[in-house]
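Numbering (the numbering used here), first residue to last: 3 to 248.
Quick reminder that beta carbons are idealized off the backbone N, C-alpha and C, glycines included.
In structure tokens:
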């Protein structure tokens, strides 16, 4: 919104003096005020620039300081007409003193784009200081581009399937991380080497150390793996080189 004053009431244009009448005639001839009604504003003719700057100097008893923000502007100089400073990336304002909408972190390098995830965020705007985007339910992270802990596959986040032996999985592949209870596998669905059992959720079994004949980690353990025979349920050891027996 631009408020345009009555030309006849402006200093230097007021009254019946010949100089004031000449300024009014020049303002009309070059259609100076029309330029302010256009969107975006068109460059002013040189005569208009001279007249506008003269009015500004009369209104303010001289020229005004640029006051460019040292962090947001590229220099301390500004445009003679309007006083617009030259802003750094993603910075706006006449003095270059704030971030543009959709950016954050006003500082010596300008501002950074919010870059909110279109799938995980409510809008492309973020907190002006931290850059935190407003996330939709189920999304987390500064840019709302990640699944909540215990989920994977953004933006179609789904729970990790780890059979109760891990809380987190790889956010891209869904492979379980840090399987507990001597389990291993993508879903912690099998026992690690040196242990036997059925760790799948709902089986009611645990992974137990192979008795070959000692247990893993002891000097008397001479196997590499074992399993329970399906018929006899006896433990069958896979012996280390140089050893034999069940």
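Three-state secondary structure assigned by DSSP to residue 208: Locating residue 208 in the chain shown gives position 206, where the first residue counts as 1. The answer is coil: DSSP assigns residue 208 none of H, G, I, E or B.
Below-7 angstroms beta-carbon distance, residue 246 vs any chain C residue: Checking the listed chains, one finds no chain C in this structure; it contains a single protein chain.
Inter-stretch contact at 8 angstroms, needing at least 3 Cβ pairs: the segment 143-155 / the segment 116-129: The segment 143-155, when compared against the segment 116-129, does touch it at the 8 angstroms Cβ threshold.
Reference residue 96, options 177, 76, 238, 187, closest by Cα: Counted from its first residue, the chain shown places residue 96 at position 94. For the options 177, 76, 238, 187, the alpha carbon positioned closest to that of residue 96 is the one of 76.
For residue 240, the first and last residue of its enclosing beta strand (DSSP E): Here residue 240 corresponds to residue number 238 of the chain shown, with the count starting at 1. 237-241 is the span of the beta strand (DSSP E), which, as asked, contains residue 240.
Straight-line gap, residue 21 to residue 69 (C-alpha atoms, nearest Å): The sequence position of residue 21 within the chain shown is 19, counting from 1. The sequence position of residue 69 within the chain shown is 67, counting from 1. Roughly 33 angstroms between the two C-alpha positions.
Simplified DSSP state of residue 188, which is helix, strand or coil: Against the chain shown, residue 188 aligns to sequence position 186. Residue state, collapsed to three classes: coil.
Delimiting residues of the beta strand (DSSP E) encompassing residue 227: Start at 1 with the first residue of the chain shown, and residue 227 comes out as number 225. Looking at the DSSP string, the run of the beta strand (DSSP E) that includes residue 227 is 225-230.
Beta-carbon spacing of residue 212, residue 225 below 7 angstroms: Looking up residue 212 in the chain shown gives position 210. Looking up residue 225 in the chain shown gives position 223. Result yes, Cβ atoms of residue 212 and residue 225 sit closer than 7 angstroms.
Three-way DSSP call (helix, strand, coil) for residue 94 in this model: The sequence position of residue 94 within the chain shown is 92, counting from 1. Here DSSP, grouped into helix, strand and coil, assigns residue 94 to strand.
Beta-carbon separation (whole angstroms), residue 98 vs residue 105, contact threshold 8 angstroms: The residue labelled residue 98 in the question sits at position 96 within the chain shown. The residue labelled residue 105 in the question sits at position 103 within the chain shown. The Cβ separation is near 13 angstroms, so there is no contact.
Beta bridge counterpart(s) of residue 100 as assigned by DSSP: Translated into the one-based positions of the chain shown, residue 100 becomes position 98. Paired residue(s): 94.
Residue nearest to residue 217 in terms of C-alpha spacing, selected from 201, 204, 90, 237: Position 215 of the chain shown, counted from the start, is the residue given in the question as residue 217. Of 201, 204, 90, 237, the smallest CA-CA separation from residue 217 is found for 237.
CB contact flag (residue 190, residue 179, <7 angstroms): As a working note, residue 190 is residue 188 in the chain shown. As a working note, residue 179 is residue 177 in the chain shown. Annotated as distal: residue 190 and residue 179, with beta-carbon spacing of 7 angstroms or more.
Cβ separation of residue 227 and residue 196, assumed to be a contact under 8 angstroms, to the nearest whole Å: Position 225 of the chain shown, counting from 1, holds the residue named residue 227. Position 194 of the chain shown, counting from 1, holds the residue named residue 196. Rounded, the Cβ-Cβ distance is 6 angstroms, consistent with contact.
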